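Just below is one structure, and these are the notes that go with it.
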Amino acid sequence: MAAGEVRSSSVPDTDYDVIVVGAGFAGMYLLHRLRGQGFSVRVFEQGSGVGGTWYWNRYPGARCDVESMQYSYSFSDELQQQWDWSERYAPQPEILAYANHVADRFDLRRDIQFDTRVEVAVFDEQAQRWTVTTSGGAVCSAQFVVLATGCLSNARLPDIPGAGDFKGAIYHTAHWPHEPVDFTGLRVGVIGTGSSAIQSIPLIAEQAARLTVFQRTANFSVPACNAPLTAEERQWFRDNYPEIRRKAREEMRNGIFTEPPVKGAFDDPEEARLQNYESRWTRGGLTFMAAYNNLALEKAANDTAADFIRGKIAEIVKDPEVARKLQPSDHPVGSKRICVDTNYYATFNRDNVELVDLRAEPIDRITPDRIRAGNREFPLDALVFATGFDAMTGSVAKICIKGRADRSLNDKWAEGPRTYLGLMTEGFPNLFIITGPGSPSVLSNMILSIEQHVDWITECLIAMRARGAMCIEATRQAEDDWVAHVNDVAAGTLYPQANSWYMGANVPGKPRVFMPYIGGVGTYRQICNEVAAKGYEGFMLSVSSAAERRAASSERAAAN
Ligand code: N01
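Convert by adding 2 to the 1-based position in the sequence shown; the result is the number in our numbering.
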């Protein structure tokens with residue numbers, strides 16, 4: 003059956019309590035929690051294995067930018083005590099091995115159907131259930147659907163003239179082959195200089211005969227300072243996990259346990275400020291931005307951090323003209339996700355690497371064997387698109403989702419995503435989103451935010467079952483208020499000043515809305531908990547009579 007074709011009247015092949023879309027870290031934990039509470043659950047996953055983003059993003063150098071001792075599940079103490087991370091930032095194969103270990107350890111695979119996309123989900127107002135159609139043509143019904151589709155899972159290929167004509171090897175960082183790619187002796191082009199490019203460029207440069215990097219926007223990157231984890235370091239985390247996890251959940255804005263900033267950039271004299279930046283730089287990682295508490299709020303404060311990084315680039319890169327091109331100048335540091343690298347800037351000192359500034363020399367065309375940019379020709383054997391994602395909404399938009407009155411979610415979100423708490427959207431009852439727009443999601447340690455959403459949704463379903471409630475739906479008012487709050491909080495920061503994927507600015511035609519909630523994971527958790535404690539304030543819960551429920555159930559049984 004074609005994508006988008008709706009078969010809501012079809013007889014479902016199977017009924018479930020919950021259908022989960024995606025078997026990344028969110029879908030896996032949700033399955034574990036819900037199954038433990040006696041709900042019948044089916045997970046559909048388009049890949050052939052678990053792991054979501056870590057299943058697809060296999061490019062050279064792929065690593066998480068949150069330290070592995072923290073970018074890991076906390077729900078099982080045995081798991082966090084027993085799993086041995088080898089490095090401060092584990093490489094992609096190890097994170098994928100961890101996902102597979104979790105799937106085996108908690109016996110998840112028996113309820114996951116791989117190689118299967120959810121194409122259509124339609125809410126049946128009479129039955130108060132979702133009818134879901136998969137790429138295999140199966141039709142299932144469920145009381146609840148949960149979109150665990152990931153925020154960075156819909157890879158983007160830019161519309162560059164002639165891209166389809168290229169006859170050499172073509173790769174996208176987010177759809178990397180499962181077998182190793184050998185660039186030895188090849189002339190390679192990389193388009194893009196975001197996190198994926200910044201991680202892969204140093205490794206590709208070591209293999210390729212010649213590497214040309216096509217940069218449209220220079221990005222801020224700080225060193226990862228990655229290293230093997232010692233047994234003592236691992237043990238320190240293990241001994242202190244209860245407090246580390248608690249602080250990360252409740253006290254850190256981004257869900258990453260670190261020394262929190264206690265003052266603003268101008269509370270230190272210049273010398274002390276530079277020392278502070280230096281010590282953050284040599285420690286490495288995303289927590290560079292936690293040097294001061296006003297870096298995301300005040301441009302002048304932000305400039306001090308941005309100047310520090312620009313200075314580092316000038317120190318590292320030998321050719322001053324190349325260094326100048328690599329120095330970001332069009333956005334505050336951190337307003338696009340800061341990158342974390344190993345030897346990125348130093349790679350441009352290599353004789354076999356060239357940087358092309360697309361602002362000065364735009365790509366004119368891709369031909370069968372080269373890129374033409376400015377008035378120059380760059381012959382290539384292989385081309386790597388490190389061009390990112392249609393973030394946060396892209397994977398949801400690929401599913402034909404119809405809520406009340408046959409209204410499509412894509413229509414509702416045409417001017418930008420609207421949610422209540424990033425968890426639900428009005429008019430689409432019993433449809434949950436994990437780490438959806440309007441929640442901290444991509445501004446946080448994703449696994450921490452995933453666990454929070456999964457726990458909240460699970461508790462909600464348990465509460466509904468206890469009350470005999472069939473349906474939960476965000477009210478229009480609660481959604482309007484939340485969207486206004488999300489926008490207000492973002493407007494008080496420097497984030498909206500960048501043309502970032504947070505804003506949808508990387509996808510031509512996508513509405514410019516700051517999508518994640520920037521109020522911090524602690525505040526957000528508190529709000530979600532209070533909403534639940536007040537009987538799911540801002541949501542409508544409807545209780546069908548027992549007779550109605552029995553009738554619906556016997557109708558379904560007869561149809562099966
Ligand atoms: O994607 P991006 P990414 N012509 O969107 C350029 C997470 N992640 O895959 O900035 C030329 O950041 C585009 O240029 P511009 C992390 O959250 C995490 O690298 O739009 N260039 C940009 O340079 C990250 O933020 C990890 O002007 C074009 C690049 O392509 C997010 O994923 C690792 C172009 C895209 O950069 C996305 O990262 C990897 C065009 N037509 C990813 N279109 C870690 O955990 C786009 N570009 C470490």
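We treat Cβ as the ideally placed atom computed from N, Cα and C, and that holds for glycine. Here the structure is a predicted model, which is why all the values come from computation and not from measurement.
What is the DSSP secondary structure of residue i, counted as helix, strand or coil?
i	result
P204	helix
S78	coil
W132	strand
T118	coil
V523	helix
L357	strand
S197	helix
D184	coil
R218	coil
R339	coil
L159	coil
P230	strand
P498	helix
E47	coil
I97	helix
R282	helix
H487	helix
I246	helix
K327	helix
L425	coil
Quick one: does the C-beta of residue i sit closer than 6 angstroms to a heavy atom of ligand 1?
i	result
S197	yes
P364	no
N345	no
C227	no
D392	no
C66	yes
I193	yes
L154	yes
R339	yes
N508	yes
W58	no
T219	yes
T395	no
T389	yes
W503	yes
P93	no
P419	no
P160	yes
Under a Cβ-count criterion, where at least 16 other Cβ atoms within 10 Å of its own Cβ denotes burial, should residue i be classed as buried or exposed?
i	result
R131	buried
R372	buried
D359	buried
E428	buried
E80	exposed
N242	exposed
D67	buried
R247	buried
Y18	buried
T232	exposed
K320	exposed
R406	exposed
Can you list, in chain order, the residues of its chain whose CB lies under 8 angstroms from that of residue i, leaving out five sequence neighbours each side?
i	result
I459	L32, V148, L425, F434 and I436
N377	E363
S502	H333, S337, K338, R339 and N508
Go through its chain and collect everything with a Cβ distance to residue i's Cβ below 7 angstroms, but skip five positions before and after it.
i	result
S544	A471, M472 and C473
R285	C227
T136	F46, T118, R119, V120 and E121
Q94	W56, N59, R60, A64 and R65
Less than 7 angstroms between the beta carbons of residue i and residue j, yes or no?
i	j	result
R158	T389	yes
G257	V523	yes
S223	D332	no
A476	F541	yes
Q479	R527	no
I318	F27	no
A384	L188	yes
P518	L445	yes
I193	F168	no
G152	T55	yes
With a CB to CB cut of under 6 angstroms and the five nearest residues on each side skipped, what residues in its chain are close to residue i?
i	result
H174	A157 and F387
P163	R367
Q209	F185 and T186
P431	C473 and E475
T16	C142
D457	none
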